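Undergrad: Protein chains in written order, with this note's numbering: chain W, 16 to 260; chain U, 16 to 260; chain R, 16 to 260; chain D, 16 to 260.
4 protein chains.
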Amino acid sequence: MQNPIRVTVWNEYRHELVNPKVAAIYPAGIHAPIAAHLQAQGMVVRTATLDEPEHGLSAEVLEQTDVLTWWGHRAHKEVRDEVVDRIQQRVLQGMGLIVLHSGHFSKIFKRLMGTSCDLKWRENNERERIWVIEPGHPIAAGLNEHFEIPQAETYGEPFDIPAPDTLVFVSWFQGGEVFRSGCCYHRGKGKIFYFRPGHETLPIYYQAEVLQVITNSVRWATPVDGPKIHFGNLKPPLEQVLREG
Amino acid sequence: MQNPIRVTVWNEYRHELVNPKVAAIYPAGIHAPIAAHLQAQGMVVRTATLDEPEHGLSAEVLEQTDVLTWWGHRAHKEVRDEVVDRIQQRVLQGMGLIVLHSGHFSKIFKRLMGTSCDLKWRENNERERIWVIEPGHPIAAGLNEHFEIPQAETYGEPFDIPAPDTLVFVSWFQGGEVFRSGCCYHRGKGKIFYFRPGHETLPIYYQAEVLQVITNSVRWATPVDGPKIHFGNLKPPLEQVLREG
Amino acid sequence: MQNPIRVTVWNEYRHELVNPKVAAIYPAGIHAPIAAHLQAQGMVVRTATLDEPEHGLSAEVLEQTDVLTWWGHRAHKEVRDEVVDRIQQRVLQGMGLIVLHSGHFSKIFKRLMGTSCDLKWRENNERERIWVIEPGHPIAAGLNEHFEIPQAETYGEPFDIPAPDTLVFVSWFQGGEVFRSGCCYHRGKGKIFYFRPGHETLPIYYQAEVLQVITNSVRWATPVDGPKIHFGNLKPPLEQVLREG
Amino acid sequence: MQNPIRVTVWNEYRHELVNPKVAAIYPAGIHAPIAAHLQAQGMVVRTATLDEPEHGLSAEVLEQTDVLTWWGHRAHKEVRDEVVDRIQQRVLQGMGLIVLHSGHFSKIFKRLMGTSCDLKWRENNERERIWVIEPGHPIAAGLNEHFEIPQAETYGEPFDIPAPDTLVFVSWFQGGEVFRSGCCYHRGKGKIFYFRPGHETLPIYYQAEVLQVITNSVRWATPVDGPKIHFGNLKPPLEQVLREG
């Protein structure tokens, strides 16, 4: 039997404390329904937030995390660079990272993408229809060929990201935009998935399809027992090993 | 000075002869405005159609063709397999291929893609908005970040193609669909571009942006003077060459 | 608990019957050690060979197959086109396909790739060293960063295939060649993996790393419960469904 | 007639000043033969080095640069972060970037890749054979299907980079390593090419094939006149423009 996947659900957790509208939707924080759902799938889940020491992401926590999910919006700049460094290292070593919605502008996503990660946006609660582009991908399991978010914040292309290794979803928006909504990346030994839906003023993280995708992506991003990598100058002993097999 | 690009604009050329509505829009055939435009860009253009001997695509014609553009719709099955074989060979040897609109279901495109190339469609003259996804790609030169086809046939995902090497455009449709509208592929030494717009009952091949994209894609798909490839059993002489450099 | 993966191990099974050298290595056929190993991993395995009726690949067998592995070499042309059609359809519907070694020239692989799948080759039992390029990919699980085949048939680039969606392995050969040895593709709802090692005159399919990779790739290629796809003209009822979600 | 391409050839220019062996090979600096060759192809070339004010890369210089080539090795850390920021911005706006050899560890390459860009290396002047993997790519123009560097520093996989958008070359090394030697990326509106050959103690930048590849890559990376991108909140006026087309 496989060990359960260990997930850390990270949330900035600021909107919920100052904006009653957000608090009404997510009284225990945006992380709460995500964490509850993943736990219900048999995963071992902890949560972490910006205002905890080290943002709740000590070296020890990260070491014990198979997959980290990330939601942030208004306080990206407050995330300390040494924590960003630490997360990046862990991703390159194999930890999965699921970046949600406005997390596109987080330091860690921009760091790992190398681009501005900028996009168009508009808050007018228009309809979003998310189409599956790669129907054989495990992140599309259990879905129909499209699903809808009845009211969403609009995002629009161009989305300044590297072309994803695999593009799983493309969104259609009522107002005339399209958006690459589900983007898979390998970086180092880690796997990254960007998933667009989710806005603090809308109950999107209670929607079944959205939770299904997050679950699928966590499973997909779980580290595999891949090779130990040797970098640097091949000194004779290793060289010998490499040459003699 | 570079030699001018030699383009063969292929058209099924059947709708125009039997459907007065199509004939009214394309009196000299769908190929006519495309050929005229490419010629005006300084290219050496010939046209070829289904009912010519060998569909106008003799070995000699293909040998003298740098880039072949393809429009077909109702008579895909009438294209003879030996001509399809010949085109495939030429693409693998370096000839560019631009597949337009309903050409997604042509024998040659299905042959080169290896998939069904199936999709959703609806004829109701809805609006299409084409977004540039890869703004640094030469096929996006001279465009704005989106352009519109005021009335179009709708195509919808999933589009059963291999994920493109580069995805340049994604379409938004008024009725709720999205579509990968500009798809680049390397196959052998050849380059292939699928471009969605164009329907026989609409004057789409007179639209400036559409003609700009076709021009850009022909330039992009023009063969480069790449290496001569050796396949098969490396016999000693060649082996010697390879070993001694 | 998940159902066990149902694998069909296909082998041309001709060399073994006419070449004593091959029979000495694979007395029960090349398929035997592969099938035995996958079975030992808990999979439900059947085998099928060229000279069985319908090559052992009736519609019913394929319907009950999650992943098909393919080894062929000298009799590619004897595989009947209607069986190739059937396999292609099943892959597009989700069945995994693992193509081994000289299977690069099989009808089904060429059909799905759309290219010649040609390459360089040389039989001189040189050393092959297979390097992991994408260390976080599930097909690399359980490996070191490289492994060796002490004696192998050499294959060399250019390998006339579409650039893989994910390149997992690159081989180094003693004689001076490199080769993309582990190539992942999505085609339709199916996943395809090409894996280079294996030659009928060498005991490669008894080597632990090779069997590990085949096992990993079968797991990776197992169908997921993805969306049911609707192609074609969106008639009002479906349109209604799609529009109303 | 097209305007000539404006290239800035950047070199750390330290080894040449302190190491007589390097100075003997590159008396005017590693940048000199590269710049001379590109100039001979009709490009407008300037050079810039680490110890110039702003490393020779003022905003004005970058503004007038279509493509920047980068060679650095021992002083990556001395490149100031604000200059790295500036280069990254220019790449995202369209400037091409050609990263050479040990430039894999430059701040700008690591910034744009988002990974460690680490690798294996060994200095023992072994033979490198560079194979063309994508023979229809413009960067392969004018080459044979492989070429050799008689004596090279060895680099080995895994190379911790994002999978390239297009993989043009793979190197074989005498000692048993392989390496992705020619890697194309789109980032923002800019194009990036990593090219492996070149070591300060070897006369590699005088070799015809190496100079051919650098020339090809500069041409490929030259900015195209792509769309002006709008990011951010779509305020009504722009929204109007976007909606009305």
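Cβ coordinates follow ideal geometry from the N, Cα and C atoms, glycine included. Everything numeric in this text was worked out from a predicted model, so none of it was measured.
Roughly how far, in whole angstroms, is the beta-carbon of glycine 205(R) from the beta-carbon of glutamine 108(R), given that I think they are within contact range, below 8 Å?
TA: 7 Å
Undergrad: Report the three-state DSSP secondary structure of isoleucine 176(W) (helix, strand or coil).
TA: Coil, per DSSP.
Undergrad: On the DSSP letters alone, give me the boundaries of the beta strand (DSSP E) that lysine 243(U) sits inside.
TA: Premise fails: lysine 243(U) is in no beta strand (DSSP E) and is neither H nor E.
Undergrad: With DSSP run on the structure shown, which of helix, strand or coil describes arginine 101(R)?
TA: helix
Undergrad: Starting from the Cα of threonine 169(R), find the closest Cα among Gln222(R), Ser117(R), Arg29(R) and Ile176(R) and give me that residue.
TA: Ser117(R)
Undergrad: Could you tell me which chain U residues have their CB closer than 8 Å to the CB of proline 150(W), listed as they occur along the chain?
TA: Pro173
Undergrad: Taking Cβ-Cβ distances shorter than 8 Å, what residues in chain R pair up with asparagine 159(W)?
TA: Pro242 and Lys243
Undergrad: What does the Cβ neighbour count give for alanine 223(W), buried or exposed, with the cut at 16 atoms within 10 Å?
TA: exposed
Undergrad: In the segment 127-138 of chain W, which residues sit with their C-beta less than 8 Å from some C-beta in chain B, listed in chain order?
TA: Structure shown: chain B not included; protein chains present are W, U, R and D.
Undergrad: Taking just the CA atoms, how far does valine 37(U) sit from aspartate 175(W)?
TA: For the pair aspartate 175(W) and valine 37(U), the Cα-to-Cα distance works out to about 40 Å.
Undergrad: Please return the same chain residues whose Cβ sits closer than 8 Å to the Cβ of asparagine 231(U), not counting the five positions on each side in sequence.
TA: So the list reads Pro153, Ile154, Ala155, Ala156 and Gly157, once near-sequence residues are dropped.
Undergrad: Got a sec: is the Cβ-Cβ distance from threonine 84(R) to anything in chain D below 9 Å?
TA: no
Undergrad: Would glycine 260(R) count as contacting chain W if we go by Cβ distances under 9 Å?
TA: With a pLDDT of only 46 at glycine 260(R), under the threshold of 50, the placement of this residue in the model should not be trusted, and no figure is reported.
Undergrad: If we ignore side chains and look at the alpha-carbon of each, how far apart do arginine 89(W) and glycine 203(D) end up?
TA: Just so you know, the alpha carbons of arginine 89(W) and glycine 203(D) end up roughly 24 Å apart.
Undergrad: Is the segment 111-131 of chain U touching the segment 212-221 of chain U in the sense that three or more CB pairs, one from each, lie closer than 8 Å?
TA: yes
Undergrad: What do you reckon, are the CB atoms on alanine 51(R) and asparagine 26(R) nearer than 9 Å?
TA: no
Undergrad: Given that a residue counts as buried once 16 or more other Cβ atoms are within 10 Å of its Cβ, and exposed if not, what is valine 183(U)?
TA: The residue is buried, with at least 16 neighbouring Cβ atoms inside 10 Å.
Undergrad: Whole-angstrom Cβ separation of isoleucine 148(U) and histidine 161(U), contact assumed at under 8 Å?
TA: Between isoleucine 148(U) and histidine 161(U) the beta-carbon gap is near 10 Å, outside 8 Å, which marks them as no contact.
Undergrad: Ignoring anything shorter than 4 residues, give me the alpha helix (DSSP H) runs that lie fully in the segment 21-74 of chain D, in order along the chain.
TA: 30-33, 35-40 and 46-55
Undergrad: Expressed to the nearest angstrom, what Euclidean distance is found between the alpha-carbon atoms of proline 179(D) and aspartate 180(R)?
TA: 11 Å
Undergrad: So, is the C-beta of asparagine 248(W) closer than 9 Å to a C-beta in chain D?
TA: yes
Undergrad: If we count the other Cβ atoms within 10 Å of its Cβ and call it buried at 16 or more, is leucine 32(D) buried or exposed?
TA: exposed
Undergrad: Using DSSP with H/G/I as helix, E/B as strand and the rest coil, what is alanine 236(W)?
TA: helix
Undergrad: Mind checking if threonine 169(W) is an interface residue toward chain U, Cβ cutoff 9 Å exclusive?
TA: False, the Cβ-Cβ gap to chain U never drops below 9 Å.
Undergrad: For asparagine 18(D), name the three-state secondary structure that DSSP assigns.
TA: Looking at asparagine 18(D) - three-state DSSP - the assignment turns out to be coil, as it is neither helix nor strand.
Undergrad: Could you check what DSSP says for isoleucine 164(W) in three-state terms: helix, strand or coil?
TA: strand
Undergrad: Since glycine 197(U) contacts phenylalanine 188(U) with CB under 8 Å, what's their CB separation in whole angstroms?
TA: Going by Cβ atoms, the distance from glycine 197(U) to phenylalanine 188(U) rounds to 15 Å, so no, they are not a contact pair.
Undergrad: Output yes if chain W places a C-beta closer than 9 Å to the C-beta of arginine 1(U); else output no.
TA: Outside the shown range of chain U, which is 16 to 260, sits residue 1(U), and nothing can be said about it.
Undergrad: Can you check whether the C-beta of valine 9(W) is within less than 9 Å of a C-beta belonging to chain U?
TA: A question about residue 9(W) goes unanswered here, because the residues of chain W that appear run from 16 up to 260.
Undergrad: Does any residue of chain U have a CB that is nearer than 9 Å to the CB of histidine 52(R)?
TA: Judged by the 9 Å Cβ criterion, histidine 52(R) is not in contact with chain U.
Undergrad: Kindly list the residues whose CB is nearer than 8 Å to the CB of glycine 260(U), restricted to its own chain and excluding five residues on each side of it in sequence; keep chain order.
TA: A caution first: glycine 260(U) carries a pLDDT of 45, below 50, which makes its placement in the model too unreliable to give a value.
Undergrad: For a contact defined as C-beta to C-beta under 7 Å, what are the partners of aspartate 96(W) on chain D?
TA: Those do not exist, as aspartate 96(W) stays about 12 Å from chain D at its closest Cβ, beyond 7 Å.
Undergrad: Lysine 125(D) to leucine 72(W), Cα distance in whole Å?
TA: Rounded to whole angstroms, lysine 125(D) to leucine 72(W) spans 24 Å at the Cα level.
Undergrad: Establish whether the CB of aspartate 100(W) and some CB of chain R are separated by less than 9 Å.
TA: no
Undergrad: In this structure, how does DSSP classify serine 121(R) when only helix, strand and coil are distinguished?
TA: coil
Undergrad: From tyrosine 220(U) to aspartate 81(U), what distance separates their C-alpha atoms?
TA: 21 Å
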